[in-house]
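Take a look at the structure below.
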Amino acid sequence: MHEMSLCQSIAELIEAAAIRERFQRVRTVTLEIGRLAAVEPEALEFCFDAAMRGGCAEGARLEIVATDGRAWCLGCSREILLSRPLDPCPHCGSGQVQVTGGTQMRIKELEVE
Amino acid sequence: MCTTCGCGNGRDDPEHRHAANPLAPWSAPAPLDQGTRLVSLEVDVLEKNDRYAAANRTAFAAQAIQAINVMSSPGSGKTSLLVRTIEAMRGARPAAVIEGDQETARDAERIRATGAPATQINTGKGCHLDAQAVGRAFATLAPAAGSVLFIENVGNLVCPAAFDLGEAAKVVVLSVTEGEDKPLKYPEMFRVASLLLLNKADLLPYVDFDVEFALQCARRVNPGLPAILTSAKTGVGIDEWLDWIERGRTPRVAVAR
């Protein structure tokens, strides 16, 4: 359950932003999570409320925007889109694919008041 | 309703696309409530960990320390393998170990019995080591310049894969008493590794473990992943493992005066 540490990091980043950007409360937190990121969005949602408690994002809504997973297919030597880490290449069916993108977990923006 | 794009799929289908696609009919952003504004952050969730990892990397490089993050499920024989490895390195190169476990200092004590310095991080309820804890442990341990620093992560094939500790390489240990298909079940761990150690090789005659199939599974996740069959009991593969470590040794950077 490293999702709890991820949520704690999110809470810290929000508190730092609150001082910098001068806001008191956060209505919505928008995360951008790659489809191949080492995180389970459901588990993240589960931890989110608990981790935000007592801070300026207490009770905030969590929005998760999923971004494409990208990989390089060693079978047909081209960049492909992947929705799961172990999917084969959609063009040639090869299982020999190297993940090149879509593993990121970012806080994109906050709706604040 | 989805509050990002207003399309009505929000909660039922969290994977649907929002305004990222400018051609989508629902690309108009939902109007903000009165009195609110948007603050763009664009910051990595693990930004803090990554900053500590970068600091660790600098601290390691300053003393030509080669840090190796060793990860596996519990019970794969990581500590026994490190004890054997350190004994085999004796006289050739100094070694030190940072041990990560939820509780007890038992592993660090086993390492210290070899004469190598070791320090224990107890993560309590935590399921992985993070870069900040490793940085603190490194400062306490103060290994000799030029050492190999083994960081034995918490036994767990999931969470440790996500946290950069500032190491030069990640090594995953899979023992032959586990399933050959572990790499397919826990792909992230095997994807981030630069080396696979198939451990407890001495038990191969007694278990139904198909080495070839295990390697196939690992390379399905991480094409070209090098692998070494090792045994802490018989010493099989230890020389090859030491060669691999030696090849990854970072040349000592001359400090500008």
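Those sequence lines, one after another, are chains A and B.
Counting from 279, one number per residue, gives the positions in the first sequence under this note's numbering.
Counting from 25, one number per residue, gives the positions in the second sequence under this note's numbering.
Each residue gets a CB set at the ideal place from its N, CA and C atoms; glycine is no exception.
Simplified DSSP state of residue i, which is helix, strand or coil
{"i": "residue 382(A)", "result": "coil"}
{"i": "residue 88(B)", "result": "coil"}
{"i": "residue 50(B)", "result": "Unreliable placement is indicated for residue 50(B), whose pLDDT of 43 sits below 50; no coordinate value is reported for it."}
{"i": "residue 202(B)", "result": "coil"}
{"i": "residue 244(A)", "result": "No answer is possible for residue 244(A): the residues shown for chain A start at 279 and end at 391."}
{"i": "residue 354(A)", "result": "coil"}
{"i": "residue 318(A)", "result": "coil"}
{"i": "residue 224(B)", "result": "coil"}
{"i": "residue 351(B)", "result": "Residue 351(B) cannot be examined here, being either before or after the span of chain B that is shown, 25 to 281."}
{"i": "residue 359(A)", "result": "strand"}
{"i": "residue 240(B)", "result": "helix"}
{"i": "residue 164(B)", "result": "helix"}
{"i": "residue 326(A)", "result": "helix"}
{"i": "residue 374(A)", "result": "coil"}
{"i": "residue 208(B)", "result": "helix"}
{"i": "residue 273(B)", "result": "coil"}
{"i": "residue 174(B)", "result": "strand"}
{"i": "residue 159(B)", "result": "helix"}
{"i": "residue 140(B)", "result": "coil"}
{"i": "residue 235(B)", "result": "helix"}
{"i": "residue 260(B)", "result": "coil"}
{"i": "residue 291(A)", "result": "helix"}
{"i": "residue 303(A)", "result": "coil"}
{"i": "residue 313(A)", "result": "coil"}
{"i": "residue 348(A)", "result": "strand"}
{"i": "residue 285(A)", "result": "helix"}
{"i": "residue 229(B)", "result": "helix"}
{"i": "residue 188(B)", "result": "coil"}
{"i": "residue 33(B)", "result": "Confidence at residue 33(B) is low in this model, with a pLDDT of 48, below 50, so the placement of that residue is unreliable and no value is reported for it."}
{"i": "residue 45(B)", "result": "With a pLDDT of 39 at residue 45(B), under the threshold of 50, the predicted position of this residue should be treated as unreliable, though the coordinate-derived value follows. The answer is coil: DSSP assigns residue 45(B) none of H, G, I, E or B."}
{"i": "residue 331(A)", "result": "coil"}
{"i": "residue 151(B)", "result": "coil"}
{"i": "residue 266(B)", "result": "helix"}
Contact set between residue i and chain A, taken where Cβ atoms lie within less than 9 Å
{"i": "residue 59(B)", "result": "391"}
Counterpart residues of residue i in DSSP-defined beta bridges
{"i": "residue 387(A)", "result": "308(A), 64(B)"}
{"i": "residue 146(B)", "result": "125(B)"}
{"i": "residue 193(B)", "result": "92(B)"}
{"i": "residue 341(A)", "result": "308(A)"}
{"i": "residue 252(B)", "result": "221(B)"}
{"i": "residue 119(B)", "result": "172(B)"}
Residue i: contacting residues in chain A (beta-carbon distance under 7 Å)
{"i": "residue 186(B)", "result": "280, 316"}
Contacts of residue i in chain A (Cβ-Cβ under 8 Å)
{"i": "residue 212(B)", "result": "316, 363"}
{"i": "residue 56(B)", "result": "389"}
{"i": "residue 215(B)", "result": "363, 377"}
9 Å Cβ cutoff, residue i in contact with chain C
{"i": "residue 115(B)", "result": "No chain C is present in this structure, whose protein chains are A and B."}
Presumed contact (8 Å Cβ cut-off) between residue i and residue j, rounded CB distance
{"i": "residue 204(B)", "j": "residue 238(B)", "result": "4 Å"}
{"i": "residue 383(A)", "j": "residue 284(A)", "result": "7 Å"}
{"i": "residue 97(B)", "j": "residue 180(B)", "result": "7 Å"}
{"i": "residue 317(A)", "j": "residue 335(A)", "result": "At roughly 18 Å, the Cβ-Cβ gap does not stay under 8 Å, so residue 317(A) and residue 335(A) are not in contact."}
{"i": "residue 217(B)", "j": "residue 189(B)", "result": "Not really, about 13 Å apart at Cβ, beyond 8 Å."}
{"i": "residue 76(B)", "j": "residue 129(B)", "result": "At roughly 23 Å, the Cβ-Cβ gap does not stay under 8 Å, so residue 76(B) and residue 129(B) are not in contact."}
{"i": "residue 113(B)", "j": "residue 196(B)", "result": "With a Cβ gap of about 20 Å, residue 113(B) and residue 196(B) do not count as contacting."}
{"i": "residue 377(A)", "j": "residue 352(A)", "result": "That pair is no contact at about 12 Å."}
{"i": "residue 87(B)", "j": "residue 140(B)", "result": "16 Å between Cβ atoms; not a contact."}
{"i": "residue 345(A)", "j": "residue 312(A)", "result": "5 Å"}
{"i": "residue 70(B)", "j": "residue 387(A)", "result": "In fact, because the Cβ distance is near 18 Å, the residues do not count as touching under 8 Å."}
Amino acids of chain B, ordered along the chain, whose beta-carbon sits closer than 7 Å to that of residue i
{"i": "residue 299(A)", "result": "63"}
{"i": "residue 290(A)", "result": "72"}
{"i": "residue 302(A)", "result": "Near residue 302(A) there are no residues of chain B at all, since even the closest Cβ is about 11 Å away, more than 7 Å."}
Partner residues on chain B for residue i, Cβ-Cβ distance less than 8 Å
{"i": "residue 394(A)", "result": "As displayed, chain A neither begins before 279 nor continues past 391, which places residue 394(A) out of reach and without an answer."}
Using a beta-carbon distance cut-off of less than 8 Å, what residues from the region 189–209 of chain B approach chain A? 208
Under 7 Å (Cβ pairs) to chain B, residues found in the region 353–378 of chain A: 363, 364, 373, 374, 376, 377
Chain A contacts from the region 59–85 of chain B (Cβ-Cβ distance under 8 Å): 59, 60, 61, 62, 63, 64, 65, 66, 67, 68, 69, 70, 71, 72, 73
For the region 238–251 of chain B, which residues have a CB atom closer than 9 Å to at least one CB atom of chain A, in sequence order? 243, 244, 245, 246, 247, 248
Quick one: which residues of the region 325–354 of chain A get their C-beta closer than 8 Å to a C-beta of chain B? List them in chain order. Cβ contacts with chain B come from 339, 341, 342, 343, 344, 345, 352.
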